[in-house]
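Novice: This is the structure, below, for whatever I ask next.
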Amino acid sequence: MKFNLQPIKLFLLLVLSCTSLLISQTSTVGRGLGDRPNSKMIVAQTPRFEQPPVPPGRTPGGRVRGGATRGNVCPLTKPDQPDLTALVPFSEKDGVTNVWAQTTLERPSWFFYVPYTKDVVDAVEFVVQENSDSKDSKEIYHGKSIVLPDKPGVIRISLPSDAPALALNKEYRWFFSINCDKEKNTPWTYVEGVIQRVDLNQSIAKELETAELLKRYTIYVQNGIWYEALATLAQLRQKNPKDTALQAQWQNLVTSINLADVAKEPLVLDKL
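All residue numbers for the sequence shown refer to this note's numbering, where the first residue is -3 and numbers rise by one.
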(Lines of atoms letter the chains of each structure in order from A and count residues from 1; the text may use other names and numbers.)
(Lines give C-alpha, C1' and ligand atoms only; values in the text may rest on other atoms or scores of the structure.)
Protein backbone atom coordinates (compact mmCIF):
# COMPACT_ATOMS: atom_id res chain seq x y z
CA MET A 1 0.00 0.00 0.00
CA LYS A 2 1.35 3.40 -0.94
CA PHE A 3 0.92 6.51 1.26
CA ASN A 4 0.80 10.05 0.06
CA LEU A 5 3.50 11.78 2.15
CA GLN A 6 2.82 15.25 0.79
CA PRO A 7 0.12 16.21 3.37
CA ILE A 8 2.36 15.01 6.21
CA LYS A 9 5.28 17.11 4.93
CA LEU A 10 3.07 20.17 4.67
CA PHE A 11 1.80 19.64 8.22
CA LEU A 12 5.31 19.31 9.64
CA LEU A 13 6.43 22.41 7.73
CA LEU A 14 3.51 24.37 9.14
CA VAL A 15 4.29 23.25 12.71
CA LEU A 16 7.96 24.19 12.40
CA SER A 17 7.08 27.61 10.94
CA CYS A 18 4.66 28.40 13.77
CA THR A 19 7.18 27.28 16.40
CA SER A 20 9.92 29.46 14.91
CA LEU A 21 7.57 32.45 14.80
CA LEU A 22 6.60 31.96 18.46
CA ILE A 23 10.23 31.73 19.56
CA SER A 24 11.10 34.85 17.57
CA GLN A 25 8.22 36.85 19.08
CA THR A 26 9.07 35.71 22.62
CA SER A 27 12.69 36.73 22.14
CA THR A 28 11.67 40.14 20.81
CA VAL A 29 9.30 40.80 23.71
CA GLY A 30 11.89 39.83 26.30
CA ARG A 31 14.80 41.68 24.76
CA GLY A 32 16.01 44.57 26.89
CA LEU A 33 13.08 44.61 29.32
CA GLY A 34 15.12 43.82 32.36
CA ASP A 35 12.93 40.95 33.67
CA ARG A 36 14.71 38.30 31.57
CA PRO A 37 18.03 36.51 32.26
CA ASN A 38 19.90 39.04 30.11
CA SER A 39 19.24 41.76 32.71
CA LYS A 40 21.28 39.79 35.25
CA MET A 41 24.08 39.34 32.74
CA ILE A 42 24.20 42.99 31.65
CA VAL A 43 23.90 44.31 35.20
CA ALA A 44 26.67 41.96 36.34
CA GLN A 45 28.92 43.29 33.58
CA THR A 46 28.17 46.96 34.29
CA PRO A 47 31.22 48.67 35.78
CA ARG A 48 31.07 50.60 39.02
CA PHE A 49 29.99 54.23 38.60
CA GLU A 50 33.02 56.50 38.72
CA GLN A 51 32.23 60.09 39.59
CA PRO A 52 34.26 62.56 37.49
CA PRO A 53 36.42 64.96 39.52
CA VAL A 54 34.94 68.30 40.48
CA PRO A 55 36.12 70.94 37.96
CA PRO A 56 38.85 73.29 39.19
CA GLY A 57 37.85 76.69 40.36
CA ARG A 58 34.93 77.57 42.54
CA THR A 59 34.07 74.87 45.13
CA PRO A 60 30.50 73.60 44.54
CA GLY A 61 29.64 73.15 48.22
CA GLY A 62 26.14 71.85 48.89
CA ARG A 63 24.12 69.77 51.31
CA VAL A 64 23.24 66.14 50.56
CA ARG A 65 21.26 65.61 53.80
CA GLY A 66 18.45 67.73 55.13
CA GLY A 67 19.41 67.08 58.73
CA ALA A 68 17.67 68.40 61.79
CA THR A 69 17.50 72.17 62.02
CA ARG A 70 16.67 73.98 65.21
CA GLY A 71 12.94 74.47 65.55
CA ASN A 72 12.09 72.26 62.57
CA VAL A 73 8.80 70.43 63.11
CA CYS A 74 8.82 67.87 60.27
CA PRO A 75 8.23 64.58 62.10
CA LEU A 76 9.81 61.31 60.98
CA THR A 77 7.60 58.22 60.84
CA LYS A 78 10.18 56.20 62.81
CA PRO A 79 13.18 57.16 64.99
CA ASP A 80 15.89 55.50 62.87
CA GLN A 81 14.62 56.89 59.57
CA PRO A 82 17.16 58.66 57.29
CA ASP A 83 16.87 62.43 56.88
CA LEU A 84 15.77 64.14 53.68
CA THR A 85 18.44 63.03 51.18
CA ALA A 86 19.47 64.05 47.66
CA LEU A 87 20.47 61.01 45.59
CA VAL A 88 23.55 62.71 44.16
CA PRO A 89 27.30 61.97 44.45
CA PHE A 90 29.15 64.06 47.02
CA SER A 91 32.67 64.38 48.34
CA GLU A 92 34.35 65.82 51.41
CA LYS A 93 37.39 68.07 51.13
CA ASP A 94 38.90 70.28 53.82
CA GLY A 95 35.72 70.00 55.86
CA VAL A 96 33.52 71.10 52.96
CA THR A 97 30.84 68.89 51.40
CA ASN A 98 30.69 69.16 47.61
CA VAL A 99 27.46 67.94 45.98
CA TRP A 100 28.05 67.88 42.22
CA ALA A 101 27.23 65.69 39.21
CA GLN A 102 26.73 65.83 35.45
CA THR A 103 23.83 65.55 33.01
CA THR A 104 23.57 65.55 29.21
CA LEU A 105 19.96 66.76 29.13
CA GLU A 106 18.53 70.24 28.78
CA ARG A 107 15.85 69.34 31.32
CA PRO A 108 17.00 66.49 33.58
CA SER A 109 15.39 64.77 36.56
CA TRP A 110 16.49 64.85 40.21
CA PHE A 111 15.80 62.13 42.78
CA PHE A 112 15.26 62.69 46.50
CA TYR A 113 14.46 60.47 49.45
CA VAL A 114 11.66 62.14 51.42
CA PRO A 115 11.04 60.64 54.89
CA TYR A 116 7.83 62.55 55.55
CA THR A 117 4.24 61.69 54.80
CA LYS A 118 2.21 64.08 52.66
CA ASP A 119 -0.17 65.02 55.47
CA VAL A 120 2.54 66.58 57.68
CA VAL A 121 4.19 68.72 54.97
CA ASP A 122 2.87 72.22 54.37
CA ALA A 123 5.15 73.44 51.57
CA VAL A 124 7.60 71.95 49.07
CA GLU A 125 9.81 73.96 46.72
CA PHE A 126 12.40 73.16 44.06
CA VAL A 127 14.62 75.94 42.74
CA VAL A 128 17.26 75.99 39.99
CA GLN A 129 19.46 79.04 39.49
CA GLU A 130 22.61 79.98 37.62
CA ASN A 131 25.67 79.14 39.69
CA SER A 132 27.50 82.45 39.78
CA ASP A 133 29.51 84.35 42.38
CA SER A 134 26.81 86.99 42.52
CA LYS A 135 24.52 87.03 45.54
CA ASP A 136 21.64 87.65 43.15
CA SER A 137 22.08 84.62 40.93
CA LYS A 138 19.50 84.41 38.15
CA GLU A 139 16.71 81.98 38.97
CA ILE A 140 15.62 79.86 35.99
CA TYR A 141 12.98 77.75 37.73
CA HIS A 142 10.97 77.88 40.94
CA GLY A 143 8.53 75.03 41.44
CA LYS A 144 6.04 75.41 44.27
CA SER A 145 3.17 73.12 43.26
CA ILE A 146 4.96 69.89 44.18
CA VAL A 147 2.71 67.23 45.68
CA LEU A 148 4.40 64.53 47.72
CA PRO A 149 3.21 60.88 47.68
CA ASP A 150 1.17 59.38 50.51
CA LYS A 151 4.13 57.51 51.97
CA PRO A 152 7.88 58.10 52.45
CA GLY A 153 10.22 57.04 49.66
CA VAL A 154 12.30 58.16 46.69
CA ILE A 155 10.61 60.76 44.48
CA ARG A 156 11.57 62.32 41.15
CA ILE A 157 11.40 66.00 40.21
CA SER A 158 11.96 66.94 36.56
CA LEU A 159 12.62 70.30 35.01
CA PRO A 160 9.39 70.99 33.06
CA SER A 161 9.23 71.67 29.33
CA ASP A 162 8.37 75.34 29.86
CA ALA A 163 11.46 75.96 32.00
CA PRO A 164 14.62 77.37 30.37
CA ALA A 165 16.97 74.67 29.12
CA LEU A 166 20.28 74.07 30.87
CA ALA A 167 23.13 75.41 28.74
CA LEU A 168 26.08 73.23 27.78
CA ASN A 169 29.16 73.36 30.04
CA LYS A 170 27.40 75.65 32.47
CA GLU A 171 26.80 74.96 36.17
CA TYR A 172 23.50 75.47 37.96
CA ARG A 173 22.70 75.36 41.66
CA TRP A 174 19.54 73.58 42.78
CA PHE A 175 17.64 73.57 46.09
CA PHE A 176 14.95 71.17 47.29
CA SER A 177 13.20 72.47 50.42
CA ILE A 178 10.40 71.29 52.70
CA ASN A 179 8.55 73.06 55.50
CA CYS A 180 6.04 71.51 57.88
CA ASP A 181 5.02 74.67 59.72
CA LYS A 182 1.85 76.31 58.44
CA GLU A 183 2.98 79.62 59.90
CA LYS A 184 6.45 79.34 58.29
CA ASN A 185 8.07 80.38 61.57
CA THR A 186 10.53 77.49 61.59
CA PRO A 187 13.52 76.90 59.28
CA TRP A 188 13.08 74.91 56.09
CA THR A 189 14.63 71.46 55.77
CA TYR A 190 16.61 71.48 52.52
CA VAL A 191 19.28 69.89 50.35
CA GLU A 192 21.30 71.61 47.63
CA GLY A 193 23.94 70.93 45.03
CA VAL A 194 25.38 71.85 41.66
CA ILE A 195 24.59 70.25 38.30
CA GLN A 196 26.57 70.70 35.09
CA ARG A 197 25.35 69.86 31.60
CA VAL A 198 27.99 68.27 29.37
CA ASP A 199 28.07 66.83 25.87
CA LEU A 200 29.10 63.29 24.92
CA ASN A 201 31.21 62.63 21.85
CA GLN A 202 29.40 61.89 18.60
CA SER A 203 29.97 58.14 18.57
CA ILE A 204 28.56 57.68 22.09
CA ALA A 205 25.62 59.98 21.37
CA LYS A 206 24.83 57.99 18.22
CA GLU A 207 24.99 54.72 20.14
CA LEU A 208 22.53 56.08 22.70
CA GLU A 209 19.99 56.88 19.98
CA THR A 210 19.35 53.19 19.23
CA ALA A 211 20.38 51.54 22.50
CA GLU A 212 17.82 49.76 24.66
CA LEU A 213 17.38 50.90 28.26
CA LEU A 214 19.81 48.43 29.83
CA LYS A 215 22.53 49.36 27.35
CA ARG A 216 21.83 53.06 27.80
CA TYR A 217 22.21 52.65 31.55
CA THR A 218 25.59 50.98 31.03
CA ILE A 219 26.75 53.78 28.70
CA TYR A 220 25.81 56.49 31.20
CA VAL A 221 27.59 54.68 34.05
CA GLN A 222 30.73 54.19 31.95
CA ASN A 223 30.82 57.91 31.12
CA GLY A 224 30.12 59.25 34.62
CA ILE A 225 26.71 60.75 33.73
CA TRP A 226 24.95 60.41 37.07
CA TYR A 227 21.53 61.93 36.45
CA GLU A 228 20.71 59.87 33.35
CA ALA A 229 22.19 56.69 34.85
CA LEU A 230 19.89 56.96 37.87
CA ALA A 231 16.85 58.03 35.81
CA THR A 232 17.30 55.17 33.33
CA LEU A 233 17.63 52.61 36.11
CA ALA A 234 14.52 54.04 37.79
CA GLN A 235 12.64 53.68 34.50
CA LEU A 236 13.77 50.06 34.19
CA ARG A 237 12.63 49.32 37.73
CA GLN A 238 9.23 50.85 37.09
CA LYS A 239 8.77 48.75 33.97
CA ASN A 240 9.99 45.59 35.73
CA PRO A 241 9.12 45.91 39.44
CA LYS A 242 9.80 42.23 40.20
CA ASP A 243 13.25 42.09 38.59
CA THR A 244 15.60 41.37 41.49
CA ALA A 245 18.70 42.06 39.39
CA LEU A 246 17.56 45.64 38.77
CA GLN A 247 16.66 46.10 42.44
CA ALA A 248 20.12 44.91 43.44
CA GLN A 249 21.75 47.21 40.88
CA TRP A 250 19.83 50.22 42.23
CA GLN A 251 21.05 49.39 45.74
CA ASN A 252 24.63 48.97 44.49
CA LEU A 253 24.52 52.26 42.57
CA VAL A 254 23.14 54.31 45.47
CA THR A 255 25.48 52.60 47.95
CA SER A 256 28.45 53.43 45.70
CA ILE A 257 27.93 57.14 46.44
CA ASN A 258 27.86 56.49 50.22
CA LEU A 259 24.08 56.61 50.65
CA ALA A 260 23.55 53.01 51.77
CA ASP A 261 20.91 53.99 54.33
CA VAL A 262 18.48 55.05 51.58
CA ALA A 263 19.47 52.43 48.98
CA LYS A 264 16.62 50.09 49.92
CA GLU A 265 13.94 52.74 50.33
CA PRO A 266 10.96 52.29 47.96
CA LEU A 267 10.51 54.24 44.75
CA VAL A 268 7.30 56.28 44.97
CA LEU A 269 7.59 57.85 41.54
CA ASP A 270 5.04 59.32 39.21
CA LYS A 271 4.21 57.12 36.22
CA LEU A 272 6.39 57.49 33.14
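Where is the CB? At the ideal position from N, CA and C, for every residue including glycine.
Can VAL258 and PRO78 be called in contact, C-beta distance under 7 Å?
Specialist: Contact: yes.
Novice: Buried or exposed: where does PRO56 fall if 16 or more other Cβ atoms within 10 Å of its Cβ makes it buried?
Specialist: So PRO56 counts as buried.
Novice: In this structure, does DSSP put ILE200 in helix, strand or coil?
Specialist: Looking at ILE200 - three-state DSSP - the assignment turns out to be helix.
Novice: Take GLU224 as the anchor and find which of ASP177, PRO49, LEU80, VAL84 has the nearest alpha-carbon.
Specialist: Minimum Cα distance to GLU224 is reached at VAL84.
Novice: Look at the Cβ atom of VAL124, then the Cβ atom of TRP184, and state whether they are nearer than 7 Å.
Specialist: Taking 7 Å as the Cβ cut-off, VAL124 and TRP184 do not qualify as a contacting pair.
Novice: Is it true that the CB of LEU196 sits closer than 7 Å to the CB of THR113?
Specialist: Contact: no.
Novice: On the three-state DSSP scale, how would you describe ILE215?
Specialist: Helix.
Novice: Buried or exposed: which applies to GLY53, given that a residue is buried once 16 or more other Cβ atoms fall within 10 Å of its Cβ?
Specialist: The residue is exposed, with fewer than 16 neighbouring Cβ atoms inside 10 Å.
Novice: Which one of PRO160, ASP76, LYS260 has the shortest CA to CA distance from GLY139?
Specialist: Ranking the options by Cα distance to GLY139, first place goes to PRO160.
Novice: Report the residue from ASN165, GLU208, TYR186 whose alpha carbon sits nearest the alpha carbon of SER173.
Specialist: The shortest Cα separation from SER173 among ASN165, GLU208, TYR186 belongs to TYR186.
Novice: So the candidates are ASP266, ILE215, GLN192; which of them puts its Cα closest to the Cα of LYS202?
Specialist: Answer by Cα proximity: ILE215.
Novice: Is it right to say THR42 is buried, meaning 16 or more other beta carbons lie within 10 angstroms of its own, or is it exposed?
Specialist: Buried is the call here.
Novice: Measure how close the beta-carbons of VAL110 and LEU144 come, nearest whole angstrom, since I'm counting them as under 8 Å.
Specialist: Yes, VAL110 and LEU144 are in contact; Cβ-Cβ is about 6 Å, under 8 Å.
Novice: Nearest CA to the CA of ARG59: which residue from THR251, LEU72, SER87?
Specialist: It is SER87 whose Cα lies nearest to the Cα of ARG59.
Novice: Measuring straight from C-alpha to C-alpha, what distance separates LYS200 and GLY220?
Specialist: Note that residue 200 is Ile in the sequence shown, not Lys. ILE200 and GLY220: Cα-Cα distance of roughly 13 Å.
Novice: How far does the alpha helix (DSSP H) with GLN269 in it extend, from its first residue to its last?
Specialist: Residue 269 cannot be examined here, being either before or after the span of the chain that is shown, -3 to 268.
Novice: Out of ASP239, PHE45, GLN231, which has the shortest C-alpha to C-alpha gap to VAL150?
Specialist: That would be GLN231, whose Cα lies nearest to the Cα of VAL150.
Novice: Going by DSSP in three states, GLU167 sits in which element: helix, strand or coil?
Specialist: Note: GLU167 maps to strand in three-state DSSP.
Novice: Please report the straight-line C-alpha distance between THR73 and PRO262, rounded to a whole angstrom.
Specialist: Using only the alpha carbons, I get a separation of about 15 Å.
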